[in-house]
């Protein structure tokens with residue numbers, strides 16, 4: 003290292019030259035160049051991503067405002083690989099001065115800091131779409147909003163890439179006296195419209211299933227398609243929670259110590275965390291060997307580390323789960339029933355559970371038979387916080403859990419560790435305050451053991467319901483067949499008996515029919531006449 | 003949208019409340035929470051990522067400075083799942099005032115803006131590692147550097163997460179009179195040390211192969227391991243290039259128009275792009291219908307769009323390729339030979355090619371036989387800009403190209419569309435100014451058709467070299483076997499002939515041995531004695 007290395011003939015750069023070349027990269031520049039990180043890898047995925055980000059925002063804001071969502075989506079072709087996208091909602095709207103920051107700046111939003119179950123998390127959704135729009139078409143995005151105050155705001159916005167700040171192209175507030183609330187966004191993008199899997203239509207259909215209380219209208223290249231509301235109640239509003247000691251990292255703990263308003267370590271522990279009461283707080287102090295009266299702002303690095311270790315050792319209650327807002331069985335069933343034409347539906351909602359200090363909840367549903375194609379693998383619909391996941395299916399904990407559940411026990415054909423085969427759609431919804439996606443594009447869940455376990459338990463419960471239905475169905479079919487055989491011979495038998503006994507043939511027929519009815523039994527639609535079923539199953543052996 | 007929706011019983015949030023909750027998220031906060039985006043998913047991968055980022059930086063800076071890299075790496079266990087990592091290099095060092103920004107701020111660096119082939123690209127490498135260190139251990143990172151000016155800088159740095167700015171814990175410049183240049187970084191992290199695939203050792207070994215002019219010493223839990231320099235020349239210094247019209251997007255073009263120093267559209271086109279001469283520039287203006295004398299700063303949106311379309315239509319030369327710095331066959335062979343014990347080596351470097359306006363070049367190498375395990379699939383070593391890719395192998399264009407090449411033609415066993423089987427290591431190096439990774443963690447290449455084609459062509463050329471060697475080897479083996487059979491019977495034949503002819507047995511033996519020698523031929527090591535081979539192959543039929 004003392005300059006004795008063999009130098010090459012070419013002239014190298016000095017530390018001074020290299021220093022001069024360094025500069026800051028704005029977040030916008032970073033994501034502009036790395037737009038695949040936000041889901042803008044190619045025109046097909048980009049069109050889906052834009053619609054998804056805008057619709058997810060609309061659903062979040064309507065739910066925040068506690069109104070039943072009503073959403074309009076338009077995708078209008080504008081020449082080769084160009085689309086005008088419009089999304090309009092009935093959310094609370096946005097106050098005029100907030101609009102530029104909320105849409106014209108990346109990494110700006112309200113959800114990043116909250117431990118709460120929402121669709122958006124990072125403040126990159128709508129602004130990312132605007133970034134993509136201006137990158138591919140050079141045009142500004144139009145935003146129109148009102149908060150039911152008789153005024154309407156109009157903006158044309160772009161993002162100043164070098165500074166990551168909004169660039170207002172035009173702005174007007176019109177005192178039109180119209181009382182409405184909501185937001186309308188319109189942008190032009192480079193995009194490709196496809197049908198089938200991973201399409202905008204598939205995304206909207208699956209969204210309609212897990213948001214059955216929303217009314218969605220889509221006007222696209224294939225005409226107008228409506229996803230009508232199928233339920234008139236919203237799921238409960240999720241609550242924001244404080245971090246749980248089991249879920250935080252040392253760096254975060256140190257920052258929390260720095261910025262807390264608490265005056266003592268004891269009150270820091272009880273105020274700034276969930277599930278830490280006075281007793282547990284004292285115990286944490288004891289295990290860590292720190293004085294409960296210490297000023298948290300004066301805790302040094304090595305002390306913070308002791309505190310951190312103690313927090314993981316002391317036994318605490320699991321985090322509260324009112325931060326979660328599952329659909330529950332009723333809404334799940336309504337969602338499935340309104341969008342899928344099947345003969346049987348079932349749904350399961352598991353109790354909340356925890357991974358790495360984060361509460362989560364799994365629910366699942368199944369639609370079987372009817373118009374669902376009987377050939378090929380079962381279709382899996384994956385959701386996180388009510389948002390459909392359309393990409394990276396193979397890498398997702400949900401797909402893995404479906405494949406490693408033994409469906410042959412529940413009446414579906416399956417090769418070992420593969421997705422089962424048959425006329426069914428299996429839906430799995432993962433709800434959490436912090437969804438462990440395997441990558442930035444938010445399309446697949448990481449297969450943490452705690453998560454895999456919960457998904458599999460939910461699927462097994464679902465499997466039992468399916469199996470019960472299928473057993474009933476088989477029995478019904480068997481009995482109908484058996485009854486038909488009886489009935490086929492009744493006239494012949496009646497005639498012979500009448501000959502032998504001289505009893506009226508018609509009378510014998512009626513009696514025989516009555517016996518057939520009794521013996522072959524009519525199983526009701528629910529397949530729950532256990533006694534008859536059992537005996538008939540035994541008879542058939 | 004006129005407030006007629008059914009409201010839920012719970013009270014919703016107003017636009018004002020929602021506005022108050024919004025705020026900016028700093029880049030540091032974003033990556034702290036989404037650290038998996040930077041490769042810090044779990045302690046095992048994190049240990050590898052830290053070493054990789056620091057070593058890649060060291061190699062880049064030594065090459066910039068045109069010195070043969072000399073790198074020391076230490077990974078010292080510090081309790082359960084804790085490691086102290088140290089990386090020291092002989093690069094140019096960093097000037098004192100530059101150190102805090104270069105390491106204490108995310109998205110800061112010199113490489114983001116350059117179209118040039120380098121390992122680092124985003125300014126997230128070392129600062130990302132420091133972020134991870136402080137998140138998991140709460141400790142600052144130590145940086146020591148000198149630029150051969152007789153002074154040494156010492157820093158203890160952290161990153162202020164809320165502002166994404168360096169937080170200087172301590173700082174000293176010592177006038178020690180020592181003349182040395184280089185940089186030393188030391189940090190403590192949460193990490194797990196593993197052996198085998200995807201380990202630090204595997205990363206360093208593969209790095210030693212594609213950087214054979216580097217000297218790397220690793221002091222880890224298994225003791226000291228040295229990767230000695232195997233070549234004394236650096237690859238040529240890659241040049242920075244201007245963007246090629248085929249590779250840019252409309253949004254970027256608009257920004258370039260805005261900030262250009264050119265006074266006319268014509269000079270903008272010729273000065274700010276590569277491969278646009280006066281003739282092509284005039285043609286672009288003509289096709290777009292724009293006046294070549296237009297002030298680029300005054301070009302409006304619809305005009306920029308016309309210009310953009312015209313740029314893609316006019317026929318232009320491919321971008322220059324001196325921005326690439328491939329290893330070339332000689333260095334590739336040296337790298338393979340110094341780290342792998344095999345009986346045969348070959349390497350191929352393809353001419354440069356282009357995807358989406360970005361120049362790229364593919365080279366590959368093979369090591370066969372010797373100490374390489376003969377069972378199981380061939381090992382594939384993947385590299386981009388000389389950096390080993392250890393994760394996401396299945397998703398990578400390189401793996402796909404290897405699997406879809408027909409290796410049975412070249413002497414390796416293979417099931418259709420699978421990685422071939424046999425005692426071989428196949429290395430593929432992808433060099434480009436902009437590597438199309440499929441995701442942020444920079445571990446797999448996107449399978450663009452142009453890229454797949456080039457990799458497959460390189461592999462086919464490599465396959466022919468292997469096939470030639472294996473054919474020679476088979477012939478040699480056949481001849482040795484044949485010669486042995488001859489030799490086995492010579493004594494018996496000699497004895498019988500001696501009996502019959504009364505000629506001295508020893509004489510006959512010598513003559514027979516000479517004939518055997520001539521007829522079964524000794525093929526030389528290169529397997530290139532075509533005539534003998536061919537005749538013997540025919541004889542054997």
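Protein chains in written order, with the numbering used here: chain A, 3 to 543; chain B, 3 to 543. Even glycine gets a Cβ: it sits at the ideal position worked out from N, Cα and C.
Query	Result
Compare the C-beta of residue 390 (chain A) against all C-beta atoms of chain B and say whether one is closer than 9 Å.	no
Start and end of the alpha helix (DSSP H) containing residue 66 (chain B)?	45-66
Would you say residue 94 (chain A) faces chain B, with C-beta separation under 9 Å as the test?	yes
Grab the span of the alpha helix (DSSP H) containing residue 502 (chain A) for me, first residue to last.	451-503
Roughly how many whole angstroms lie between the Cα atoms of residue 21 (chain A) and residue 96 (chain B)?	7 Å
With distance defined between alpha-carbon atoms, name the residue in B:415, B:26, B:370, B:386 nearest to residue 167 (chain A).	B:26
Step through the CB atoms of chain A and report whether any lies within less than 9 Å of the CB of residue 324 (chain B).	no
Tell me, which residues are paired with residue 162 (chain A) by DSSP?	A:167
Residue 77 (chain B) and residue 86 (chain B): beta carbons closer than 9 Å?	yes
Return no unless some Cβ of chain B is closer than 9 Å to the Cβ of residue 27 (chain A).	yes
Indicate the three-state DSSP secondary structure (helix, strand or coil) for residue 377 (chain B) in the structure shown.	coil
Report the neighbours of residue 17 (chain B) on chain A: residues whose CB is nearer than 7 Å to its CB, in chain order.	94, 95, 96, 97, 149
My output table needs one value for residue 128 (chain A): the three-state DSSP class, helix, strand or coil.	helix
Determine contact between the stretch 204-213 of chain A and the stretch 375-392 of chain A, defined as no fewer than three beta-carbon pairs at a distance below 8 Å.	yes
Would residue 75 (chain A) and residue 56 (chain A) be called neighbours here (beta carbons separated by less than 9 Å)?	yes
Nearest to residue 33 (chain A) by alpha carbon, out of A:269, A:422, A:129?	A:129
At 4 residues or longer, and completely inside the stretch 282-365 of chain B: list those alpha helix (DSSP H) runs for me, N to C.	303-315, 330-341
Could you give the first and the last residue of the continuous alpha helix (DSSP H) run that contains residue 207 (chain A)?	202-212
By the criterion of Cβ-Cβ separation under 7 Å, what are the contact partners of residue 420 (chain B) in chain A?	Going along chain A, no residue has its Cβ under 7 Å from residue 420 (chain B), so there is no contact; the nearest lies around 17 Å.
Can you tell me whether residue 149 (chain B) is helix, strand or coil according to DSSP?	strand
Pairing CB atoms from the stretch 255-273 of chain A with CB atoms from the stretch 302-310 of chain A, are three or more of them under 8 Å?	yes
Within the present structure, is the beta-carbon of residue 517 (chain A) separated from the nearest heavy atom of the ligand FAD by less than 8 Å?	The ligand FAD is not part of this structure, which contains no ligands at all.
Any idea what DSSP makes of residue 538 (chain B), helix, strand or coil?	For residue 538 (chain B), the pLDDT reaches just 29, beneath the cut-off of 50, and the residue's location in the model is therefore unreliable, although a value from the coordinates is still provided. Correct three-state label for residue 538 (chain B): helix.
Give the range of the alpha helix (DSSP H) segment to which residue 96 (chain A) is assigned.	Careful: residue 96 (chain A) lies outside any alpha helix (DSSP H) and carries neither H nor E.
Please report the Cβ distance between residue 102 (chain A) and residue 39 (chain A), rounded to the nearest whole angstrom; I am assuming they are in contact, meaning their Cβ atoms lie under 8 Å.	In fact, because the Cβ distance is near 24 Å, the residues do not count as touching under 8 Å.
Is the separation between the beta-carbon of residue 294 (chain B) and that of residue 287 (chain B) shorter than 9 Å?	yes
Can you check DSSP and say which residues form a bridge with residue 157 (chain A)?	A:145, A:173
Is residue 275 (chain B) helix, strand or coil when you go by DSSP?	coil
From the DSSP output, read off the bridge partner residues of residue 262 (chain B).	The partner list for residue 262 (chain B) (beta bridge, DSSP) is empty, contrary to what the question assumes.
Grab me the residues of residue 53 (chain A)'s own chain with a C-beta within less than 8 Å of its C-beta, minus the 5 sequence neighbours each way, in chain order.	75, 77, 87, 89, 202, 205, 206
Between the stretch 244-260 of chain A and chain B, which residues of the former have CB atoms less than 9 Å from a CB of the latter, in chain order?	251, 252, 253, 254, 255, 256, 257
Starting from residue 219 (chain B), follow the beta strand (DSSP E) in both directions and report where the run begins and ends.	217-222
For residue 37 (chain B), count neighbouring Cβ atoms within 10 angstroms of its own Cβ and tell me buried if that reaches 16, exposed if not.	buried
From residue 476 (chain B) to residue 464 (chain B), what distance separates their C-alpha atoms?	18 Å
With a cut-off of 8 Å, do at least 3 Cβ pairs link the stretch 348-363 of chain A to the stretch 401-414 of chain A?	no
So what's residue 101 (chain B) in DSSP terms, helix, strand or just coil?	helix
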